[in-house]
Amino acid sequence: MWIVLLMCRNGNYADIATAGSLHELLVKLHKKHGPIVSFWFGPKFTVSVADPEMFKVLKAVSDRPPELFRVYEPVFGPESIQFANGFEGHRRRKLTDPSWSHDMLRHFCENFNELGEEMSTKLSSLPKMEHIPLSQYTLALTIKGLSQTSFGNYFKDEEHCHNMKHNYEICWKEMEARLSGAQMTEGSERQKRYDEALENTRDMVKDIVQKRKEIPPKPHERAFIDLLMENEDIYHESKLLADATTFMIGGFHTSGYLLCWTIYYLTLNQEVQEKVYQEVLRVVGSKESIGPEDIPQFQYMKQVMNESLRLSILAPWAAKVQEVDISLGGHSIPKGTPVITALGVMSQDEKIWPNPKKFDPDRFSPENVKGRHQFAFQPFGYRVVYVLDIDLPITS
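Below you can see the structure in the form of structure tokens.
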């Protein structure tokens, strides 16, 4: 009896652990069973799809299954937008998504230029043949850049940036540990470090809000945090704190590692690197910095970024949940069933991407994109965050 109950509660958790991650389990399942598979995420029956046509069916679904993201709740808080569905989730995303549109980010182009130049100078000053911890540099740049675009001038202060990076690294490490099933012992040093980092992060948000109230930003300096503060009917204090903390901890990872992987692939592919260099010369010319009007002209660089996203599998899966029964691949999916979009599995599908392990930015040339299903490449599961993760690395 107890064994049966334990199996029902744990579902395929053991298989996820054996595979190494949920993504790696999905790779095995889809390879064996095809574009639509099912498994048990704990006690919850869950479906996974890896097919452009099925992605298309799910496009209009905006709700996310809280069960699959519950591991983040102690970090983000129960009121986080990560767990908001229905009307509440829709209006909050509609309000905050414009914070990272091309139009908003163009105001921060100068910041990105300065940070890119700063990182370039640091890397150039290192002795030849010295090992470079590249991800540390790219993550630090991303934290500085996105903190300023999301929370304003507060993060122009180096000490604030340093504290943010310190807290972020502790909280992110804890989220990864929880995903792998590592339990935290009450009163342990790990618990104390995590509690302190999370508390410091929330105190930082409160300090930012107070300073923005005391000295309101100019119209062109408005950022994500200002949108939350201006909509008090939606964002009371605890909800504002939850969403600001969610982005502060969860919003830097992909941009930082996309920049890292892109530089890595460029070093391995000198021909591609030369093409990027020639495009920069053509677009920027004799100017000392990149302007917002230049970004749309970096066609080949965007191809390089997209191929880096595809090959590195930075965002291996997303998830949806629908309020009505739907049909996927000839199967009836009951309402309330979590449906994973296996982004990482599809990004390695040989039918869509011949020789998928090869780094080839020409896959994303205008000519090649035309011949591909429009939902074959959805690196973030339809989210506007794609704009954010492409614009910062391009400018830097």
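The sequence shown begins at 10 in our numbering and counts up one residue at a time.
From the three backbone atoms N, C-alpha and C, an ideal C-beta is built for every residue, glycine too.
Listed in chain order, the beta strand (DSSP E) elements of length 3 or more contained wholly in the segment 297-368 are 327-330, 335-337, 340-342, 347-350. Residue range 262-277 is occupied by the alpha helix (DSSP H) that includes Ile272.
According to the DSSP assignment, Val70 belongs to no alpha helix (DSSP H), since it is labelled neither H nor E. For Val58, the enclosing beta strand (DSSP E) covers residues 53-58. Every alpha helix (DSSP H) stretch that sits fully inside the segment 142-170 and reaches 4 residues is listed by chain position as 143-160. In the same chain as Tyr273, and ignoring 5 residues on each side of it, no C-beta atom comes closer than 6 Å to its own. Between Val348 and Val58, the gap from beta carbon to beta carbon is short of 9 Å. Non-local beta-carbon contacts of Lys220 in its own chain, meaning distances under 7 Å to residues more than five positions away in sequence, involve Tyr163 in chain order. Ser133: not part of any beta strand (DSSP E); member of the alpha helix (DSSP H) spanning 118-133, first to last residue.
Residue nearest to Ala69 within the set Pro136, Tyr244, Gly95 is Gly95 (criterion: CA-CA distance).
The three-state secondary structure of Ile45, taken from DSSP, is strand. In the structure shown, the three-state DSSP call for Phe384 is coil. The DSSP-derived three-state label of Phe50 is strand. For His42 and Thr151, the gap between their C-alpha atoms comes out near 39 Å. Bounds of the alpha helix (DSSP H) holding Val218 are 198-223. In this structure, Ser317 places its C-beta atom within 9 Å of the C-beta atom of Thr271.
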